[in-house]
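Chemist: Below you will find the structure I want to go over with you.
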Amino acid sequence: TQLLEQSPQFLSIQEGENLTVYCNSSSVFSSLQWYRQEPGEGPVLLVTVVTGGEVKKLKRLTFQFGDARKDSSLHITAAQPGDTGLYLCAGIGTGNQFYFGTGTSLTVIP
Amino acid sequence: GAGVSQSPSNKVTEKGKDVELRCDPISGHTALYWYRQRLGQGLEFLIYFQGNSAPDKSGLPSDRFSAERTGESVSTLTIQRTQQEDSAVYLCASSLGVNTEAFFGQGTRLTVV
Chain A
203 TQLLEQSPQF
213 LSIQEGENLT
223 VYCNSSSVFS
233 SLQWYRQEPG
243 EGPVLLVTVV
253 TGGEVKKLKR
263 LTFQFGDARK
273 DSSLHITAAQ
283 PGDTGLYLCA
293 GIGTGNQFYF
303 GTGTSLTVIP
Chain B
15 GAGVSQSPSN
25 KVTEKGKDVE
35 LRCDPISGHT
45 ALYWYRQRLG
55 QGLEFLIYFQ
65 GNSAPDKSGL
75 PSDRFSAERT
85 GESVSTLTIQ
95 RTQQEDSAVY
105 LCASSLGVNT
115 EAFFGQGTRL
125 TVV
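For the record, the sequence lines run as chains A and B.
Everything in the first sequence is counted per the working numbering, starting at 203 for the first residue and increasing by one.
Everything in the second sequence is counted per the working numbering, starting at 15 for the first residue and increasing by one.
Here's what the structure looks like:
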């Protein structure tokens, strides 16, 4: 059973455009993380959000955790080819179990 | 190395054969996870070990799949009587504890022919 749904599943944009990726669930999580995965590699952590309504910014990336701690979004401003990859959200349950989302494959075209 | 190590990196096997995949977590990490990833897809949870607690096996897709962990060290994922639908990348991750980062290995790409 997939607990976290991400949208869109695939996204192809031109360099310089903005984009938003969504991560939605019917479950409440103690915290939520976003990972990025490049081909042939394992996912690497980008950010952890813990508090409902929390917003974190990492350079051109803005992450938001929903007030009810069931959903999250990732916004990228002025996307660059180096942002290309598979973006995965992961909700952390009460037992430290990671539930990963369905993934969003992003391609930024130079 | 200091990261999560998985072996083999690639495995091609004939349908019906058994395979064993190995994961060496980061030293000191009490939690260990196995996931399956099909091409371009998200991560499908398989099994979770936390210290000496009973593992959470709720993600194992069939009784052909099993996993063991020796203390807080090495883990092996065994797939018996492999089927073509078992072809995927199998990822292992370890973490220190609650709300911490999951560190992933590079995965084992399994191809069943």
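C-beta: ideal position from N, C-alpha, C; glycine also.
All of these numbers come straight from a predicted model, not from anything done at the bench.
Using CA coordinates, which residue listed in B/Y104, B/T114, B/G111 and B/V127 is at the minimum distance from B/S19?
Modeler: One-based indexing of the second sequence puts residue 19 of chain B at position 5. Nearest C-alpha to B/S19: B/Y104.
Chemist: Count the other CB atoms, across all protein chains shown, that sit within 10 Å of the CB of B/Q51; report buried if there are 16 or more and exposed otherwise.
Modeler: For the purposes of this step, residue 51 of chain B is identified with residue 37 of the second sequence, where counting begins at 1. Label assigned to B/Q51: buried.
Chemist: Measuring CA to CA, which of B/P39, B/K29, B/S41 and B/V33 is closest to B/Q98?
Modeler: As a position in the second sequence, residue 98 of chain B is number 84, starting the count at 1. Taking only the C-alpha atoms, the option nearest B/Q98 is B/K29.
Chemist: Would you kindly report the start and end of the unbroken beta strand (DSSP E) that includes A/I311?
Modeler: Taking the first residue of the first sequence as 1, we reach residue 311 of chain A at position 109. For A/I311, the enclosing beta strand (DSSP E) begins and ends at T306 to I311.
Chemist: Throw me the rounded Cβ distance for the A/L247 and B/E115 pair, which I believe falls under 8 Å.
Modeler: Along the first sequence, read from residue 1 onward, the residue named residue 247 of chain A stands at position 45. Along the second sequence, read from residue 1 onward, the residue named residue 115 of chain B stands at position 101. Contact flag correct, Cβ pair sits at about 4 Å.
Chemist: What three-state label does DSSP hand A/Q216 in the structure shown?
Modeler: Your numbering for residue 216 of chain A matches position 14 in the first sequence. In the structure shown, A/Q216 falls within a strand segment according to DSSP collapsed to helix, strand and coil.
Chemist: Using 10 angstroms around the beta-carbon of B/F117, count the other beta-carbons present and answer buried if the total reaches 16, otherwise exposed.
Modeler: Translated into positions along the second sequence, residue 117 of chain B becomes position 103. By the neighbour-count rule (16 or more Cβ atoms within 10 Å), B/F117 is buried.
Chemist: Per DSSP, A/S227 forms a beta bridge with which residues?
Modeler: The residue labelled residue 227 of chain A in the question sits at position 25 within the first sequence. A/L206.
Chemist: Closest to A/G296 by C-alpha separation, out of B/Q64, B/S23, B/E34 and B/W48, would be which residue?
Modeler: As a position in the first sequence, residue 296 of chain A is number 94, starting the count at 1. According to the sequence as given, residue 296 of chain A is Thr; it is not Gly. Answer by Cα proximity: B/Q64.
Chemist: Please classify B/A45 as buried or exposed, where buried requires at least 16 neighbouring CB atoms within 10 angstroms.
Modeler: The residue given as residue 45 of chain B occupies position 31 in the second sequence. Classification of B/A45: buried, given that the 10 Å Cβ count is 16 or more.
Chemist: Using a beta-carbon distance cut-off of less than 8 Å, what residues from the region 85-108 of chain B approach chain A?
Modeler: Listed in sequence order: L105 and A107.
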